[in-house]
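Taking our numbering, the leading residue of the sequence shown gets 1, the next gets one more, and so forth. Worksheet: one structure, shown below.
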Amino acid sequence: MNYVTSSYMQLLWNGALLDKFIPSRRVRQGDPLSPYLFVLVMERLGHMIEATMERGSWEPLLLSRKGPISSHLFFANDLMLFCRADDKDVDCLNHVLNSFCHYSCLHFNRLKTNVFFSRNLSKKVTSSLSAKLGFTKVDDLGKYLGVPFFRKKVRVDTFQFLVDKFRAKVNGWDVRKLSLASPFNLVKSVLITIPNYFMEFQHRSTMKFEKLARNILWRSSALERKVSLGSWDVCCAPSLNGGLGIKRLQDPNNLFLLKLGFNLVTNIEMFWVQELRNKYNFHRILPNDIQRSNCFYIWRSIANVWEDVKKGLTWVKLDGCLVNF
């Protein structure tokens, strides 16, 4: 970054020009060159981490015996680092970050940086390592782009925050003052689309969302239950078949899972695909069943729609080297 300079700046003060000066942080914020420079310096950080691993000073995370190693993940301008929870790796992590900040002129706020430890470590060890790093120790990584990081086993109450968001949206409307068509438009265009970003959850969670949607549609509440003018199946039927055209939440949920299953078969170069395929011994082209007794929640969800994944795939005639008779 010593070879990167910014333009001179000069301020107009009371009609007179002040002396020229150069910004201390070199490239000004919003400069068109900034995103490209950021990508370059972050790529350099990745090279520094890989060089440290080759020397044996940094021990990365390994989810499976034959799977790819995980030392760092870049998400736009966010960064996740994985290493062993001991003094050697923590000292190495500090050295890499300090060197990177020195050469790139970029700085990060240690107080706003979180560190997450395994539950197998004692409180004394985690407190010592977090103090050495200067990071804030947390028991939960929270959310990223609105999606929570799941640490524990995924259950129905895991998505309770979505149900609460769903209910808060409903409570903000006074449906008694709306016309008969207004609740239908609210349910179809607003409520049913809220969980789409968080899809791939359990069927019982979708039932909770649809129950709230039914209540707003028929103007029911916990204190007053109104008569339903039609079954929910009729409401979710296509308009051409006499229904209201409301989409069932389970349908887009399965659709997103099918897309993950398709990537699991076809895009084997993707990082998450390599991790899952190696962890669950997924080496055949298209196995008949991928159910496992002990597996991640996302793997179990894909396994539930695996029959539909197989129906949507077709064979292409090539040289036959991938076919096992």
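The beta-carbon is built from N, C-alpha and C at its ideal position, and this holds for glycine as well.
Residue interval of the alpha helix (DSSP H) (run including residue i)
i	result
Phe100	87 to 104
Asp78	Per DSSP, Asp78 belongs to no alpha helix (DSSP H); it is in the beta strand (DSSP E), 78 to 81.
Thr136	Careful: Thr136 lies outside any alpha helix (DSSP H), inside the beta strand (DSSP E) at 136 to 138.
Asp251	250 to 266
His47	34 to 54
Cys235	232 to 235
Lys279	271 to 279
Integer Cβ distance of residue i from residue j, believed to fall under 8 Å
i	j	result
Asn114	Phe135	6 Å
Glu275	Gly67	5 Å
Phe296	Ile290	No, Phe296 and Ile290 are not in contact; Cβ-Cβ is about 12 Å, not under 8 Å.
Residue j beta carbon less than 8 Å from that of residue i
i	j	result
Lys112	Val163	no
Pro238	Gly230	no
Val187	Ala213	yes
Leu286	Val273	no
Ser301	Leu240	no
Asn278	Ser127	no
Ala85	Val125	yes
Inter-residue Cα distance where the pair is residue i and residue j
i	j	result
Val305	Leu40	40 Å
Ser71	Glu59	8 Å
Ser123	Leu129	For the sequence presented, residue 123 should be read as Lys rather than Ser. Approximately 10 Å between the Cα atoms of the pair.
Asp251	Phe161	21 Å
Asn120	Glu54	27 Å
Cys235	Val309	28 Å
Gly15	Tyr8	19 Å
Lys247	Glu210	10 Å
Ala222	Glu307	Note on Ala222: pLDDT 49, under 50, position unreliable in the model; no value is reported.
Ile298	Val316	28 Å
Phe184	Ile49	54 Å
Pro148	Phe75	15 Å
His95	Leu45	12 Å
Lys132	Cys105	22 Å
Gly261	Asn253	13 Å
Asn77	Thr314	39 Å
Limits of the unbroken beta strand (DSSP E) element including residue i
i	result
His72	72 to 75
Val309	No beta strand (DSSP E) contains Val309, which is instead part of the alpha helix (DSSP H) from 306 to 311.
Residues bridged to residue i [DSSP beta-bridge criterion]
i	result
Asn120	For Asn120, which the question treats as bridged, DSSP gives no partner whatsoever.
Val147	Tyr144
Ile69	Leu62
Asn114	Thr136
Trp13	Ala16
Phe21	Met9
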